[in-house]
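Working notes for the structure below.
Protein chains in written order, with the working numbering: chain D, 1 to 145; chain U, 146 to 290; chain Z, 291 to 435; chain R, 436 to 580.
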């Protein structure tokens with residue numbers, strides 16, 4: 001399936017900018033966005049049939065190859081947001097997921113992406129990881145009707 | 146008002162144990178609880194009429210004097226929890242707030258407390274802070290009927 | 291060995307207050323101290339003959355039973371500190387470790403303690419943990435001459 | 436000055452992978468790299484004559500426009516690393532700084548960049564920020580002989 005033809009469903013992860021997420025400039029400390037991206041990815045896969053507890057029990061992991069983010073507007077304590085996630089592209093054993101962080105008033109705060117491997121610990125948690133083939137069945141779970 | 150006679154309302158802060166909150170042992174990294182305590186305190190005061198955005202605009206702060214926590218049962222990724230907060234005691238310019246972290250199945254995961262000053266930045270954010278008198282009006286906002 | 295007769299060596303963990311460790315009040319966000327306590331404990335055990343990599347390879351863990359901290363003076367970005375750690379008490383399968391955070395100018399910033407179990411994963415990382423007997427040999431590594 | 440002709444000095448920020456920096460897969464949780472990038476940037480500017488305490492006192496800030504990172508090799512607890520930072524490009528009021536994270540054995544773990552504004556709070560910490568002109572004097576502090 002080529003990328004152009006693929007239409008991903010959208011995952012939604014709700015979050016709030018907490019006091020602890022901000023730095024002395026009074027706005028969000030930027031790695032917070034990447035922490036949210038990570039949580040949003042787990043939540044999106046959970047909603048698509050891969051709950052985090054099952055993933056962990058079966059040794060499945062999604063290690064990162066790369067990540068990037070543009071910071072469009074500053075976020076402040078008390079802002080309610082949602083991270084909207086979509087699969088941009090499936091590789092053989094990896095995928096690209098994009099995230100948009102949108103404040104409750106509709107303002108886009110940040111957008112970015114993660115490149116991840118679909119992998120498995122070879123011998124239980126903490127052991128070396130190896131990429132796994134991404135099956136058509138897996139992809140189908142993220143495809144919009 | 147003596148502590149024995151004071152009955153605080155309970156604040157409820159919902160949270161989830163994320164992948165990012167856990168360490169190589171596979172369970173929650175314990176400072177996460179204190180981060181939740183902090184967010185729960187802000188949320189509780191917000192619900193009682195002191196929203197975090199107003200607090201920040203007016204230079205109000207709640208710096209810590211001490212904090213403690215007992216870890217009762219391990220929390221794992223995907224656990225849904227709530228932090229239940231109560232004011233244990235009001236001082237002249239400080240207060241003690243207690244927190245219980247309870248998992249969705251009713252299991253108590255952790256319980257602890259924070260001792261905080263009710264303070265104000267003397268000259269805007271980042272400037273020195275000074276304790277403020279805790280008024281009867283403030284206390285009344287946390288009193289159960 | 292009773293607690294009174296035990297004289298622990300002191301571990302020293304150097305750290306700096308980073309921009310990322312501080313919150314919109316311009317001072318350290320308090321869970322940072324607990325993060326340092328954790329790193330200081332690992333460093334102390336490493337110096338005493340239990341390097342973190344060996345601990346992990348052999349499934350050894352030190353899960354928390356409780357933790358507390360008093361915040362004595364505010365810490366700001368750029369402050370250079372050290373955490374001075376000592377074993378306060380050995381139990382059969384647990385121990386209490388105390389930490390003092392001292393700024394380069396000698397000011398005490400915070401002091402606290404952690405109560406931890408000396409444990410082991412029963413079946414590799416991520417599996418259930420069980421307390422292990424604390425041997426005389428282990429204690430001897432933390433005893434001052 | 437064009438980018439090609441500019442040769443930046445290299446900043447070095449030493450760090451260690453702590454237990455708290457890792458996740459249930461047993462390796463570094465990736466936003467840790469961005470936290471290090473941030474600390475490395477502050478350290479680099481500090482070494483070049485802009486200590487963080489002075490920056491804060493004078494209301495100087497370096498808000499982010501974007502950030503990215505490639506994860507080349509996994510980092511584990513106990514790994515000693517350094518972040519090597521260079522100014523890639525100066526804009527009128529912004530700059531690009533690149534970072535390489537290298538383990539003590541010489542292995543490249545990650546490399547990335549931050550795009551930041553050279554800015555100032557208009558009215559003290561927490562107030563709105565505005566980009567400032569990057570002077571030749573500022574650039575000269577990062578130029579190799």
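Note that beta-carbon positions come from the ideal geometry of N, C-alpha and C, so glycine has one too.
All values reported here derive from a predicted model rather than from experimental measurement.
Tell me whether the beta-carbon of residue 382(Z) lies closer than 8 Å to the beta-carbon of residue 423(Z). Closer than 8 Å, so yes.
Check whether chain Z comes within 8 Å of residue 548(R), counting only Cβ atoms and requiring the distance to be less than that. Not a single C-beta of chain Z is nearer than 8 Å to the C-beta of residue 548(R).
Using 8 Å as the cut-off, can you tell me whether the stretch 516-527 of chain R makes contact with the stretch 441-453 of chain R, which would need three or more C-beta pairs spanning the two stretches below that distance? Verdict: yes, contact present.
For a test of the three-state rule: what should DSSP assign to residue 443(R), helix, strand or coil? When secondary structure is reduced to three states using DSSP, residue 443(R) falls in the strand class.
Within-8 Å CB hit, residue 354(Z) to chain U: Interface residue, yes.
Determine, for residue 84(D), whether the minimum Cβ-Cβ distance to residues of chain U falls below 8 Å. No, residue 84(D) lies away from the interface with chain U (no Cβ there is under 8 Å from its Cβ).
Against chain D, does residue 146(U) count as a neighbour if the rule is that its beta carbon must be under 8 Å from one of theirs? Since pLDDT at residue 146(U) reaches only 43, below the 50 mark, its modelled position is unreliable, and no value is offered.
Is the stretch 22-31 of chain D touching the stretch 39-48 of chain D, taking contact as three or more C-beta pairs under 8 Å? Because the criterion of three Cβ pairs below 8 Å is not met, the stretch 22-31 of chain D and the stretch 39-48 of chain D do not touch.
Amino acids of chain U, ordered along the chain, whose beta-carbon sits closer than 9 Å to that of residue 459(R): Residues of chain U passing the Cβ test: 164, 167, 168, 169, 170, 171, 172, 221 and 222.
If I measure Cβ to Cβ from residue 255(U) and keep anything under 7 Å in the same chain, skipping five residues before and after, which residues do I get? Cβ neighbours of residue 255(U) beyond the five flanking positions: 178, 214, 215, 216, 217 and 246.
Using a beta-carbon distance below 8 Å, is residue 415(Z) in contact with chain D? Taking Cβ atoms only, chain D reaches closer than 8 Å to residue 415(Z), which makes this a yes.
Suppose you measure from the CA of residue 303(Z) to the CA of residue 11(D); what does that come to, to the nearest Å? Roughly 42 Å between the two C-alpha positions.
Per DSSP, what are the beta-bridge partners of residue 529(R) in this structure? Paired residues: 552(R).
Paired residues, beta bridge with residue 227(U) - DSSP: Residue pairing for residue 227(U): DSSP places it in a beta bridge opposite 159(U) and 247(U).
Tell me whether residue 426(Z) sits in a helix, a strand or coil according to DSSP, three-state version. Here residue 426(Z) sits in helix by DSSP.
Inter-residue spacing [alpha-carbon to alpha-carbon] between residue 493(R) and residue 221(U): C-alpha separation (whole angstroms): 44 Å.
From the beta carbon of residue 432(Z), is the nearest beta carbon of chain U less than 8 Å away? No, residue 432(Z) does not count as interfacial toward chain U.
With 7 Å as the C-beta to C-beta threshold (strictly closer), list the residues of the stretch 327-344 of chain Z near chain R in chain order. Taking a C-beta cut-off of 7 Å against chain R, the contacting residues of the stretch 327-344 of chain Z are 328, 329, 332, 341, 342 and 343, listed in chain order.
Relative to the C-alpha of residue 344(Z), which candidate in 368(Z), 426(Z), 388(Z) and 332(Z) has its C-alpha closest? Ranking 368(Z), 426(Z), 388(Z) and 332(Z) by CA distance to the CA of residue 344(Z) puts 332(Z) first.
Whole-angstrom distance between residue 274(U) and residue 208(U), CA atom to CA atom: One C-alpha to the other measures close to 8 Å.
CA-to-CA distance, residue 531(R) to residue 525(R), given in whole angstroms: Those two C-alpha atoms are separated by around 7 Å.
Neighbourhood of residue 555(R) by C-beta distance below 7 Å, restricted to the same chain and skipping five residues each side: If we look at residue 555(R) and ignore the five residues flanking it on each side, its Cβ neighbours are 494, 495, 496, 564, 565 and 567.
Kindly identify the DSSP beta-bridge partner or partners of residue 420(Z). Bridge partners of residue 420(Z) according to DSSP: 410(Z).
Can you give me the start and stop residues for the beta strand (DSSP E) that residue 166(U) sits inside? Here residue 166(U) belongs to no beta strand (DSSP E), and DSSP marks it neither H nor E.
Supposed contact pair residue 402(Z) and residue 124(D) - C-beta distance, whole angstroms, cut 8 Å: In fact, because the Cβ distance is near 34 Å, the residues do not count as touching under 8 Å.
Please look up how many angstroms separate the CB atoms of residue 223(U) and residue 52(D), rounded, as I've assumed it's under 8 Å. The beta-carbon distance between residue 223(U) and residue 52(D), rounded to whole angstroms, is 4 Å. This is short enough to meet the 8 Å contact definition.
Taking residue 169(U) and residue 454(R) to be in contact with their CB atoms under 8 Å, please state how far apart those CB atoms are, rounded to whole angstroms. Going by Cβ atoms, the distance from residue 169(U) to residue 454(R) rounds to 7 Å, so yes, they are a contact pair.
When the Cα of residue 261(U) is compared with those of 281(U), 167(U) and 210(U), which residue comes out closest? Residue 261(U) has its Cα closest to that of 210(U), out of 281(U), 167(U) and 210(U).
Could you say which of 67(D), 104(D) and 94(D) lies nearest to residue 82(D) if we only look at CA atoms? Minimum Cα-Cα distance from residue 82(D) among the listed residues 67(D), 104(D) and 94(D) corresponds to 104(D).
According to DSSP, simplified to helix, strand and coil, what is residue 352(Z)? Of the three classes helix, strand and coil, the one that applies to residue 352(Z) here is coil, per DSSP.
Could you tell me the alpha carbon to alpha carbon distance between residue 579(R) and residue 533(R), rounded to whole angstroms? Looking at the two C-alpha atoms, the distance is approximately 16 Å.
From what residue to what residue does the alpha helix (DSSP H) around residue 325(Z) run? According to the DSSP assignment, residue 325(Z) belongs to the alpha helix (DSSP H) that extends over 321-337.
Following the continuous alpha helix (DSSP H) through residue 197(U), name the residue where it begins and the one where it ends. Note, residue 197(U): alpha helix (DSSP H), 197-202.
Which of the three DSSP states is assigned to residue 511(R) in this structure? Of the three classes helix, strand and coil, the one that applies to residue 511(R) here is coil, per DSSP.
I want to see whether chain Z comes within less than 8 Å of residue 16(D), judged by CB atoms only; does it? Under the Cβ criterion of 8 Å, residue 16(D) is not counted among the residues facing chain Z.
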